[in-house]
Amino acid sequence: MPKFERLLLRPPIEPMETRPAARIPEGDGWSYEPKWDGFRCIAFRDGSDVELQSKSGETLTRYFPEIVDALQGAAAKQFVIDGELLVATGDGSDFDALLQRIHPAESRVRRLAKETPASYVVFDLLVEGRTAFFERALHARRERLEPFVRRNFEGSQTLRVSPATADVALAKRWLAGSVARLDGVIAKRDVAYGFGSRDAAVKIKRNYTADCVVGGFRKGNGGAVASLLLGLYDDEGLLHHVGFIGSMSAAERTRAADLLGPIVEPPGFTGTAPGGPSRWRRGEASEWFPVRPQIVVEVAFDHVTGHRFRHAARLLRWRPDKAPRLCSMEQLLKPTGS
4 MPKFERLLLR
14 PPIEPMETRP
24 AARIPEGDGW
34 SYEPKWDGFR
44 CIAFRDGSDV
54 ELQSKSGETL
64 TRYFPEIVDA
74 LQGAAAKQFV
84 IDGELLVATG
94 DGSDFDALLQ
104 RIHPAESRVR
114 RLAKETPASY
124 VVFDLLVEGR
134 TAFFERALHA
144 RRERLEPFVR
154 RNFEGSQTLR
164 VSPATADVAL
174 AKRWLAGSVA
184 RLDGVIAKRD
194 VAYGFGSRDA
204 AVKIKRNYTA
214 DCVVGGFRKG
224 NGGAVASLLL
234 GLYDDEGLLH
244 HVGFIGSMSA
254 AERTRAADLL
264 GPIVEPPGFT
274 GTAPGGPSRW
284 RRGEASEWFP
294 VRPQIVVEVA
304 FDHVTGHRFR
314 HAARLLRWRP
324 DKAPRLCSME
334 QLLKPTGS
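Residue numbers (the numbering used here): 4 to 341.
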(Lines of atoms letter the chains of each structure in order from A and count residues from 1; the text may use other names and numbers.)
(Lines give C-alpha, C1' and ligand atoms only; values in the text may rest on other atoms or scores of the structure.)
Protein backbone atom coordinates (compact mmCIF):
# COMPACT_ATOMS: atom_id res chain seq x y z
CA MET A 1 0.00 0.00 0.00
CA PRO A 2 1.41 3.48 -0.88
CA LYS A 3 2.45 5.75 1.96
CA PHE A 4 -0.33 7.72 3.63
CA GLU A 5 -2.98 5.91 1.58
CA ARG A 6 -5.14 5.44 4.69
CA LEU A 7 -4.98 9.09 5.77
CA LEU A 8 -7.92 11.39 5.07
CA LEU A 9 -5.36 14.00 3.95
CA ARG A 10 -2.28 13.02 1.97
CA PRO A 11 0.79 15.20 1.35
CA PRO A 12 1.16 17.63 -0.18
CA ILE A 13 -1.72 19.90 0.80
CA GLU A 14 -2.16 23.66 0.61
CA PRO A 15 -1.97 25.08 4.16
CA MET A 16 -4.34 27.79 5.30
CA GLU A 17 -2.84 31.18 4.44
CA THR A 18 -3.13 34.63 5.99
CA ARG A 19 -3.55 38.12 4.63
CA PRO A 20 -1.79 41.12 6.17
CA ALA A 21 -3.64 43.63 8.36
CA ALA A 22 -2.53 46.89 9.91
CA ARG A 23 -4.21 46.24 13.26
CA ILE A 24 -5.72 43.43 15.28
CA PRO A 25 -9.38 42.82 14.31
CA GLU A 26 -11.88 42.80 17.16
CA GLY A 27 -15.33 41.37 17.69
CA ASP A 28 -17.10 38.06 18.04
CA GLY A 29 -15.73 35.09 16.17
CA TRP A 30 -12.03 36.02 16.36
CA SER A 31 -9.30 34.21 18.27
CA TYR A 32 -5.64 35.16 18.50
CA GLU A 33 -2.31 33.32 18.45
CA PRO A 34 1.33 34.39 18.44
CA LYS A 35 2.98 34.61 15.03
CA TRP A 36 6.17 32.56 15.25
CA ASP A 37 9.38 33.22 13.28
CA GLY A 38 10.09 29.77 11.89
CA PHE A 39 9.16 27.33 9.12
CA ARG A 40 5.48 26.56 8.59
CA CYS A 41 5.12 22.79 8.72
CA ILE A 42 2.28 20.32 8.17
CA ALA A 43 3.05 16.98 9.87
CA PHE A 44 1.52 13.73 8.61
CA ARG A 45 1.70 10.38 10.38
CA ASP A 46 0.34 7.10 9.08
CA GLY A 47 1.72 4.20 11.11
CA SER A 48 5.50 4.22 10.78
CA ASP A 49 5.43 6.81 8.00
CA VAL A 50 5.97 10.47 8.87
CA GLU A 51 6.15 13.42 6.48
CA LEU A 52 7.01 17.04 7.31
CA GLN A 53 5.73 19.34 4.58
CA SER A 54 6.79 22.96 4.13
CA LYS A 55 4.43 25.80 3.29
CA SER A 56 5.44 25.51 -0.37
CA GLY A 57 4.74 21.77 -0.48
CA GLU A 58 8.36 20.64 -0.26
CA THR A 59 9.55 17.96 2.15
CA LEU A 60 11.36 18.92 5.36
CA THR A 61 11.43 15.39 6.76
CA ARG A 62 15.11 14.54 6.37
CA TYR A 63 16.27 17.80 7.96
CA PHE A 64 14.50 17.37 11.31
CA PRO A 65 14.98 13.79 12.55
CA GLU A 66 14.25 14.83 16.15
CA ILE A 67 10.76 15.99 15.10
CA VAL A 68 10.18 12.75 13.20
CA ASP A 69 11.21 10.74 16.26
CA ALA A 70 8.81 12.68 18.47
CA LEU A 71 5.90 12.16 16.07
CA GLN A 72 6.65 8.45 15.74
CA GLY A 73 6.58 8.17 19.53
CA ALA A 74 2.94 9.32 19.73
CA ALA A 75 0.27 6.83 20.75
CA ALA A 76 -1.95 8.02 17.89
CA LYS A 77 -1.00 6.25 14.67
CA GLN A 78 -2.84 8.44 12.14
CA PHE A 79 -3.01 12.20 12.31
CA VAL A 80 -2.31 15.46 10.48
CA ILE A 81 -1.33 18.60 12.42
CA ASP A 82 -0.34 22.13 11.42
CA GLY A 83 2.32 24.20 13.15
CA GLU A 84 5.68 25.96 13.06
CA LEU A 85 9.22 24.62 13.33
CA LEU A 86 11.52 26.73 15.53
CA VAL A 87 14.96 26.67 17.08
CA ALA A 88 14.06 28.07 20.49
CA THR A 89 16.32 30.45 22.43
CA GLY A 90 16.00 32.06 25.82
CA ASP A 91 14.17 35.09 24.43
CA GLY A 92 12.43 33.72 21.35
CA SER A 93 13.77 31.78 18.39
CA ASP A 94 16.89 31.72 16.21
CA PHE A 95 15.90 31.82 12.54
CA ASP A 96 19.51 31.76 11.36
CA ALA A 97 20.12 28.50 13.26
CA LEU A 98 16.93 27.13 11.72
CA LEU A 99 18.18 27.97 8.23
CA GLN A 100 21.40 26.08 8.93
CA ARG A 101 19.35 22.92 9.49
CA ILE A 102 18.61 22.72 5.76
CA HIS A 103 21.78 20.96 4.67
CA PRO A 104 22.43 18.22 2.09
CA ALA A 105 24.90 16.22 4.22
CA GLU A 106 23.25 13.57 6.39
CA SER A 107 26.08 13.71 8.94
CA ARG A 108 25.64 17.46 9.39
CA VAL A 109 21.85 17.09 9.68
CA ARG A 110 22.31 14.57 12.52
CA ARG A 111 24.93 16.72 14.26
CA LEU A 112 22.81 19.88 14.10
CA ALA A 113 19.77 17.96 15.35
CA LYS A 114 21.74 17.49 18.58
CA GLU A 115 23.49 20.87 18.70
CA THR A 116 20.53 23.07 17.72
CA PRO A 117 17.44 20.88 18.17
CA ALA A 118 14.20 22.18 16.73
CA SER A 119 10.83 22.29 18.40
CA TYR A 120 7.43 22.02 16.79
CA VAL A 121 4.77 24.48 17.95
CA VAL A 122 1.38 23.08 16.93
CA PHE A 123 -1.66 25.29 16.36
CA ASP A 124 -4.16 23.10 14.47
CA LEU A 125 -5.47 19.55 14.37
CA LEU A 126 -6.68 18.56 10.92
CA VAL A 127 -7.06 14.78 11.16
CA GLU A 128 -7.05 12.23 13.95
CA GLY A 129 -7.76 8.64 12.98
CA ARG A 130 -10.82 8.67 10.71
CA THR A 131 -12.08 12.06 11.93
CA ALA A 132 -11.78 15.02 9.55
CA PHE A 133 -11.40 17.89 12.00
CA PHE A 134 -10.52 20.24 9.14
CA GLU A 135 -14.24 20.33 8.33
CA ARG A 136 -15.06 21.75 11.77
CA ALA A 137 -14.91 25.32 13.03
CA LEU A 138 -11.72 26.57 14.67
CA HIS A 139 -13.00 26.42 18.25
CA ALA A 140 -13.92 22.74 17.79
CA ARG A 141 -10.46 21.96 16.39
CA ARG A 142 -8.74 23.75 19.28
CA GLU A 143 -10.88 21.90 21.83
CA ARG A 144 -9.51 18.63 20.49
CA LEU A 145 -5.96 19.83 19.81
CA GLU A 146 -4.86 20.42 23.40
CA PRO A 147 -5.98 17.03 24.77
CA PHE A 148 -4.52 15.39 21.64
CA VAL A 149 -1.10 16.88 22.41
CA ARG A 150 -1.34 16.03 26.12
CA ARG A 151 -2.19 12.39 25.36
CA ASN A 152 0.55 11.94 22.82
CA PHE A 153 3.38 14.28 23.84
CA GLU A 154 3.07 14.72 27.62
CA GLY A 155 6.33 16.17 28.96
CA SER A 156 7.88 16.55 25.50
CA GLN A 157 10.41 19.35 25.02
CA THR A 158 10.11 18.91 21.26
CA LEU A 159 6.41 19.43 20.64
CA ARG A 160 3.99 21.83 22.31
CA VAL A 161 0.74 23.68 21.65
CA SER A 162 0.83 27.31 20.58
CA PRO A 163 -1.08 29.62 22.95
CA ALA A 164 -4.46 30.91 21.81
CA THR A 165 -6.86 33.42 23.33
CA ALA A 166 -10.14 35.21 22.63
CA ASP A 167 -8.90 38.13 24.78
CA VAL A 168 -7.99 40.94 22.38
CA ALA A 169 -6.25 42.83 25.21
CA LEU A 170 -3.82 39.94 25.64
CA ALA A 171 -3.25 39.79 21.88
CA LYS A 172 -2.39 43.49 21.91
CA ARG A 173 0.12 42.89 24.70
CA TRP A 174 1.71 40.15 22.59
CA LEU A 175 1.99 42.58 19.69
CA ALA A 176 3.37 45.32 21.93
CA GLY A 177 6.24 43.09 22.99
CA SER A 178 5.27 41.24 26.15
CA VAL A 179 6.69 38.13 24.43
CA ALA A 180 10.35 38.78 23.50
CA ARG A 181 11.10 38.72 19.77
CA LEU A 182 7.58 37.61 18.89
CA ASP A 183 6.97 37.95 15.17
CA GLY A 184 3.44 39.30 15.51
CA VAL A 185 -0.12 38.08 16.01
CA ILE A 186 -2.36 35.84 13.92
CA ALA A 187 -6.11 36.49 14.17
CA LYS A 188 -8.31 33.61 13.05
CA ARG A 189 -12.00 33.36 12.28
CA ASP A 190 -14.09 30.60 13.82
CA VAL A 191 -14.58 28.73 10.54
CA ALA A 192 -13.47 25.48 8.92
CA TYR A 193 -9.84 25.07 7.85
CA GLY A 194 -9.35 27.03 4.61
CA PHE A 195 -6.93 25.10 2.40
CA GLY A 196 -4.92 27.66 0.44
CA SER A 197 -7.35 30.41 1.46
CA ARG A 198 -6.48 33.82 2.94
CA ASP A 199 -10.05 34.50 4.10
CA ALA A 200 -9.91 32.68 7.46
CA ALA A 201 -6.94 34.43 9.08
CA VAL A 202 -5.00 37.70 9.11
CA LYS A 203 -1.47 38.46 10.28
CA ILE A 204 -0.43 41.58 12.13
CA LYS A 205 3.34 41.80 12.06
CA ARG A 206 5.44 43.10 14.92
CA ASN A 207 7.85 45.82 13.87
CA TYR A 208 11.01 46.89 15.69
CA THR A 209 13.04 50.07 15.52
CA ALA A 210 16.74 50.84 15.62
CA ASP A 211 18.95 53.89 15.22
CA CYS A 212 21.51 53.15 12.49
CA VAL A 213 24.51 54.90 11.00
CA VAL A 214 24.33 55.60 7.27
CA GLY A 215 27.48 54.03 5.87
CA GLY A 216 26.85 54.78 2.22
CA PHE A 217 24.29 55.15 -0.53
CA ARG A 218 23.48 53.76 -3.94
CA LYS A 219 22.28 55.77 -6.92
CA GLY A 220 19.55 54.74 -9.32
CA ASN A 221 19.65 54.95 -13.09
CA GLY A 222 18.54 58.59 -13.01
CA GLY A 223 21.30 59.60 -10.61
CA ALA A 224 19.07 60.12 -7.58
CA VAL A 225 19.79 58.39 -4.28
CA ALA A 226 18.11 54.98 -4.52
CA SER A 227 18.94 53.37 -1.17
CA LEU A 228 20.92 53.87 2.02
CA LEU A 229 23.34 51.34 3.51
CA LEU A 230 22.97 50.95 7.26
CA GLY A 231 25.55 50.12 9.92
CA LEU A 232 25.78 49.40 13.63
CA TYR A 233 28.79 49.36 15.97
CA ASP A 234 29.90 46.24 17.81
CA ASP A 235 31.45 46.17 21.29
CA GLU A 236 34.92 46.68 19.76
CA GLY A 237 33.87 49.88 18.01
CA LEU A 238 33.75 48.36 14.52
CA LEU A 239 30.95 49.46 12.19
CA HIS A 240 29.14 46.53 10.53
CA HIS A 241 26.80 46.59 7.55
CA VAL A 242 23.39 45.39 8.82
CA GLY A 243 21.00 46.20 5.98
CA PHE A 244 19.59 48.93 3.81
CA ILE A 245 16.67 51.25 3.19
CA GLY A 246 15.22 50.52 -0.23
CA SER A 247 12.22 52.84 -0.42
CA MET A 248 12.09 56.60 0.09
CA SER A 249 9.92 59.49 -1.05
CA ALA A 250 11.26 62.00 -3.57
CA ALA A 251 11.71 64.52 -0.77
CA GLU A 252 13.71 62.01 1.32
CA ARG A 253 15.92 61.17 -1.67
CA THR A 254 16.67 64.86 -2.13
CA ARG A 255 17.45 65.26 1.55
CA ALA A 256 19.70 62.19 1.46
CA ALA A 257 21.64 63.63 -1.47
CA ASP A 258 22.07 66.98 0.33
CA LEU A 259 23.27 65.35 3.55
CA LEU A 260 25.42 62.57 2.14
CA GLY A 261 26.91 64.05 -1.01
CA PRO A 262 29.38 66.32 0.85
CA ILE A 263 30.65 63.54 3.12
CA VAL A 264 31.51 60.86 0.54
CA GLU A 265 34.87 59.48 1.63
CA PRO A 266 37.20 59.14 -0.06
CA PRO A 267 35.89 61.75 -2.54
CA GLY A 268 35.04 60.20 -5.89
CA PHE A 269 35.12 56.64 -4.56
CA THR A 270 32.59 54.11 -5.81
CA GLY A 271 32.51 50.37 -5.33
CA THR A 272 30.38 47.28 -4.87
CA ALA A 273 27.96 47.43 -1.99
CA PRO A 274 28.68 45.12 0.97
CA GLY A 275 26.39 42.23 1.74
CA GLY A 276 26.77 40.10 -1.34
CA PRO A 277 25.29 40.19 -4.85
CA SER A 278 21.90 38.84 -3.77
CA ARG A 279 21.07 42.22 -2.24
CA TRP A 280 22.16 44.36 -5.16
CA ARG A 281 21.61 44.17 -8.88
CA ARG A 282 24.61 43.66 -11.10
CA GLY A 283 26.32 46.33 -13.12
CA GLU A 284 25.74 50.06 -12.77
CA ALA A 285 22.94 49.66 -10.22
CA SER A 286 25.43 48.04 -7.79
CA GLU A 287 27.64 51.16 -7.62
CA TRP A 288 27.69 52.72 -4.16
CA PHE A 289 29.30 55.64 -2.39
CA PRO A 290 30.72 55.21 1.15
CA VAL A 291 30.32 58.18 3.49
CA ARG A 292 31.83 59.25 6.78
CA PRO A 293 29.81 57.78 9.68
CA GLN A 294 28.11 61.03 10.68
CA ILE A 295 24.42 60.62 9.76
CA VAL A 296 21.97 58.63 11.90
CA VAL A 297 18.51 57.45 10.89
CA GLU A 298 15.80 55.67 12.83
CA VAL A 299 14.42 52.70 10.91
CA ALA A 300 11.72 50.08 11.35
CA PHE A 301 12.47 46.41 10.63
CA ASP A 302 10.72 43.10 11.16
CA HIS A 303 13.29 40.27 11.14
CA VAL A 304 16.98 39.81 11.97
CA THR A 305 19.05 36.94 10.59
CA GLY A 306 22.74 36.66 11.43
CA HIS A 307 22.89 40.26 12.75
CA ARG A 308 21.39 41.56 9.51
CA PHE A 309 17.93 42.83 8.65
CA ARG A 310 16.32 40.04 6.65
CA HIS A 311 14.26 42.52 4.62
CA ALA A 312 14.73 46.14 3.64
CA ALA A 313 14.26 48.53 6.55
CA ARG A 314 11.79 51.44 6.48
CA LEU A 315 12.98 55.00 7.12
CA LEU A 316 11.13 56.57 10.05
CA ARG A 317 13.12 59.78 10.62
CA TRP A 318 16.52 61.38 10.53
CA ARG A 319 18.26 61.63 13.92
CA PRO A 320 20.61 64.66 13.97
CA ASP A 321 20.35 64.51 17.78
CA LYS A 322 21.87 61.01 18.00
CA ALA A 323 25.62 60.37 18.19
CA PRO A 324 26.66 57.69 15.66
CA ARG A 325 28.77 55.84 18.26
CA LEU A 326 25.60 55.17 20.26
CA CYS A 327 24.16 53.09 17.40
CA SER A 328 25.05 49.66 18.74
CA MET A 329 24.41 46.07 17.71
CA GLU A 330 22.63 45.57 21.03
CA GLN A 331 19.51 47.06 19.41
CA LEU A 332 19.15 43.91 17.30
CA LEU A 333 19.19 41.74 20.42
CA LYS A 334 16.80 43.86 22.49
CA PRO A 335 14.83 45.92 19.96
CA THR A 336 12.16 48.38 20.93
CA GLY A 337 8.72 48.29 19.37
CA SER A 338 7.71 50.92 16.86
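Every residue gets a Cβ at the ideal spot worked out from N, C-alpha and C, and that includes glycine.
In this text the structure is predicted, and so the values were computed from the model without any measurement.
DSSP lists Ser57 and Gly86 as the beta-bridge partner residues of Cys44. Listed in chain order, the non-local C-beta contacts of Gly234 below 8 angstroms within the same chain comprise Cys215, Val216, Val217, Gly218, Leu242, His243, His244, Val245, Pro296 and Cys330, local neighbours out to five positions each way being set aside.
Pro15 and Arg153 have their C-alpha atoms spaced approximately 26 angstroms apart. For Asp261, the three-state secondary structure derived from DSSP is helix. Lys222: member of the beta strand (DSSP E) spanning Tyr211 to Lys222, first to last residue. Assignment of beta-bridge partners to Arg192 by DSSP yields Trp33. In this structure, the alpha-carbon of Tyr236 lies about 7 angstroms from that of Arg328. Counting along the chain, Asp186 sits inside no alpha helix (DSSP H), nor does DSSP assign it H or E at all. Secondary structure of Thr21 (DSSP, three-state): coil. Within the model, the alpha-carbon separation for Arg145 versus Asp238 is close to 46 angstroms. Under the three-state reduction of DSSP, Gly246 is assigned to strand. Between the alpha carbons of Thr64 and Ile248 lies a gap of roughly 36 angstroms. In the displayed model, Ala303 falls within a strand according to three-state DSSP.
A contact between stretches requires three or more CB pairs, one per stretch, nearer than 8 angstroms, and the segment 153-164 meets this requirement with the segment 66-76.
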